[in-house]
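A.B. asks:
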Ligand code: AHR
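Set out below in structure tokens:
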């Protein structure tokens, strides 16, 4: 009797070992196929956004077809057409500019494939060409930048502040809305004078070029630099220093995004304020795509929560930014 119990115990143990070690666990079936066209890799925001979307796709069991458009709208349109031909369940993309999408979006609609916009939005004749937009409230970001400047002007006690603006990609949503939000906020204040707005295309190299141009033109007349992203800000800072001015002291520096490198510079005092624009949109995208697939409703616009980091804050306990 004792021998028989031992035999069955041994057999059970072996069976357990075999299933635990020998046969690999079957990978779960992907719940949906998502085609995502990323616009490029121009900034740490963008690189963080691409990484987050890949990681969250894995976490949610979504099969992701990702395409990098290398900063070209034409490449994004081609990628969307490939997703349609492949018959993915949902198409998502971050539109580099707002206009010129009607035809390809009509093709997606015709094929019955829902479209979710990530980060930026589009201008379309037919609002039904996309289902939802998941991204920052860029107008609000511009407002927050302007509000910081109004407070800073009080603190500095200056009668006049001459401002230069380095904007992001022409006709992109963040470029248009950040500009509007900022200008609307400072418009009623007689101390504020905007010298010039120049297009830096969200690139570090262009930020440096724009700053050089602005310094050649206005020199020490510049009191404030409002730059639409960290990348351009970090391109501009060494140019300001080389020209003999102290960024953060001789000129108020306001930036947008809040990547780790820029936050570290903010802590040294060379940047005065950074309005957060979070690239961590992956989980919101996966949840929306899964809801669409399940036939559930999704909000038309989904904004992540964002904040301001400035020289007024104690940032010593700020956790790593992750981008
Ligand atoms: O669309 C968001 C903007 O695009 C970010 O502020 C910028 O860094 C990026 O390239």
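Numbering (the working numbering), first residue to last: 519 to 841. The C-beta atom is built at its ideal place from N, Cα and C for all residues, glycine as well. Remember, it's a predicted structure, so these values are computed and weren't measured experimentally.
1) Compute every distance between the C-beta of residue 588 and the non-hydrogen atoms of the ligand AHR, then say whether any falls below 7 Å.
2) Would residue 637 count as contacting chain C if we go by Cβ distances under 8 Å?
3) Pull up the DSSP beta-bridge partners for residue 791, would you.
4) Measuring only the C-alpha atoms, how far is residue 690 from residue 794?
5) Exposed or buried, which one is residue 607 when buried takes at least 16 other CB atoms within 10 Å?
6) Just to confirm, are residue 775 and residue 748 a CB contact at a threshold of 8 Å?
7) Given a threshold of 16 other Cβ atoms within 10 Å of its Cβ, counted over all protein chains shown, does residue 677 qualify as buried or as exposed?
8) Helix, strand or coil: how does DSSP classify residue 610 here?
9) Does the distance between the C-beta of residue 745 and the nearest non-hydrogen atom of the ligand AHR fall short of 7 Å?
10) Within a Cβ cutoff of 7 Å, which residues of the same chain sit near residue 539, ignoring the five residues on either side of it in sequence?
11) Cβ atoms of residue 615 and residue 651: under 8 Å apart, would you say?
12) Is there at least one non-hydrogen atom of the ligand AHR closer than 7 Å to the beta-carbon of residue 564?
13) Have a look at 568, 808, 797 and 671 and flag the residue whose alpha-carbon is nearest the alpha-carbon of residue 479.
14) To the nearest angstrom, report how far apart residue 541 and residue 579 are at their CA atoms.
15) Could you name the residues of the same chain whose beta carbon sits closer than 7 Å to that of residue 638, not counting the 5 residues immediately before and after it, in chain order?
16) Restricting to runs no shorter than 3 residues, where is the beta strand (DSSP E) found entirely within the segment 672-747?
17) Whole angstroms are fine: how far does the CA of residue 599 sit from the CA of residue 771?
18) Go to residue 631, then tell me how far its alpha helix (DSSP H) extends in each direction, as first and last residue.
19) Our contact map puts residue 807 next to residue 550 with C-beta atoms below 8 Å; I'd like the distance itself, whole angstroms only.
20) What's the C-alpha gap between residue 563 and residue 669?
21) Alpha carbon to alpha carbon, how far is residue 839 from residue 593? Give it in angstroms, no decimals.
22) Which same chain residues, not among the five before or five after residue 830, have their C-beta less than 6 Å away from its C-beta?
23) If you count every other CB in all the chains shown that lies within 10 Å of the CB of residue 702, and 16 or more means buried, which is it?
24) Going by DSSP in three states, residue 556 sits in which element: helix, strand or coil?
25) For my contact list, residue 714 and residue 732 are in at a C-beta cut-off of 8 Å; report their separation, rounded to the angstrom.
26) To the nearest angstrom, how far is it from the Cα of residue 649 to the Cα of residue 660?
C.D. replies: Inspection of the coordinates gives the following:
1) Position 70 of the chain shown holds residue 588. No, the Cβ of residue 588 stays beyond 7 Å of every heavy atom of the ligand AHR.
2) You won't find chain C in this structure, because it holds only one protein chain.
3) On the chain shown, position 273 is the one that residue 791 refers to. In DSSP, residue 791 forms a bridge with 772 and 828.
4) Sequence index remark: in the chain shown, residue 690 carries index 172 (1-based). Sequence index remark: in the chain shown, residue 794 carries index 276 (1-based). C-alpha separation (whole angstroms): 18 Å.
5) Counting from 1 along the chain shown, the entry for residue 607 is found at position 89. The residue in question, residue 607, is buried, as its Cβ has 16 or more Cβ neighbours within 10 Å.
6) Stepping through the chain shown from its first residue, residue 775 is reached at position 257. Stepping through the chain shown from its first residue, residue 748 is reached at position 230. Yes, the Cβ-Cβ distance between residue 775 and residue 748 is below 8 Å.
7) For the purposes of this step, residue 677 is identified with residue 159 of the chain shown, where counting begins at 1. Exposed: under 16 other Cβ atoms inside 10 Å.
8) Translated into the one-based positions of the chain shown, residue 610 becomes position 92. Three-state DSSP puts residue 610 in a strand.
9) Translated into the one-based positions of the chain shown, residue 745 becomes position 227. Remark: the shortest separation between the CB of residue 745 and any heavy atom of the ligand AHR does not fall under 7 Å.
10) In the chain shown, residue 539 corresponds to position 21, counting from 1. For residue 539, the pLDDT reaches just 40, beneath the cut-off of 50, and the residue's location in the model is therefore unreliable, although a value from the coordinates is still provided. Closer than 7 Å at the Cβ level, and outside the excluded window around residue 539, lies no residue.
11) The residue given as residue 651 occupies position 133 in the chain shown. The residue given as residue 615 occupies position 97 in the chain shown. In this structure, residue 615 does not lie closer than 8 Å to residue 651 by Cβ.
12) The sequence position of residue 564 within the chain shown is 46, counting from 1. Under cutoff, so the answer is yes.
13) Only positions 519 to 841 of the chain appear in the structure, and residue 479 is not among them; the question remains open.
14) In the chain shown, the residue the question calls residue 541 occupies position 23. In the chain shown, the residue the question calls residue 579 occupies position 61. Note that residue 541 scores 41 on pLDDT, short of 50, meaning its location in the model is unreliable and no value can be drawn from it.
15) Position 120 of the chain shown, counted from the start, is the residue given in the question as residue 638. Excluding residues within five positions, the ones whose Cβ falls inside 7 Å are 612, 613, 653, 690, 691 and 692.
16) Listed in chain order, the complete beta strand (DSSP E) runs (minimum 3 residues) inside the segment 672-747 are 679-685, 710-717 and 742-745.
17) Here the question's residue 771 lines up with position 253 in the chain shown. Here the question's residue 599 lines up with position 81 in the chain shown. If I take the Cα positions, the gap works out to 42 Å.
18) Counting from 1 along the chain shown, the entry for residue 631 is found at position 113. Taken as a continuous stretch (DSSP letters only), residue 631 belongs to no alpha helix (DSSP H), as it is neither H nor E.
19) Counting from one through the chain shown, the residue named residue 807 turns up at place 289. Counting from one through the chain shown, the residue named residue 550 turns up at place 32. Contact flag correct, Cβ pair sits at about 6 Å.
20) Taking the first residue of the chain shown as position 1, residue 563 is located at position 45. Taking the first residue of the chain shown as position 1, residue 669 is located at position 151. Straight-line Cα distance between these residues: approximately 27 Å.
21) Position 75 of the chain shown, counting from 1, holds the residue named residue 593. Position 321 of the chain shown, counting from 1, holds the residue named residue 839. Going by the C-alpha atoms only, they are around 30 Å apart.
22) Here residue 830 corresponds to residue number 312 of the chain shown, with the count starting at 1. Answer for residue 830: no residue qualifies.
23) Residue numbering aside, residue 702 sits at position 184 when the chain shown is read from its first letter. Classification for residue 702: exposed.
24) The count along the chain shown starts at 1 and reaches residue 556 at position 38. Strand, per DSSP.
25) By 1-based counting over the chain shown, the position of residue 714 is 196. By 1-based counting over the chain shown, the position of residue 732 is 214. Taking 8 Å as the upper bound for CB-CB distance, residue 714 and residue 732 are in contact here, some 7 Å apart.
26) In the chain shown, counting from the first residue as 1, residue 649 sits at position 131. In the chain shown, counting from the first residue as 1, residue 660 sits at position 142. Cα atoms of residue 649 and residue 660: separation of roughly 26 Å, rounded to the nearest angstrom.
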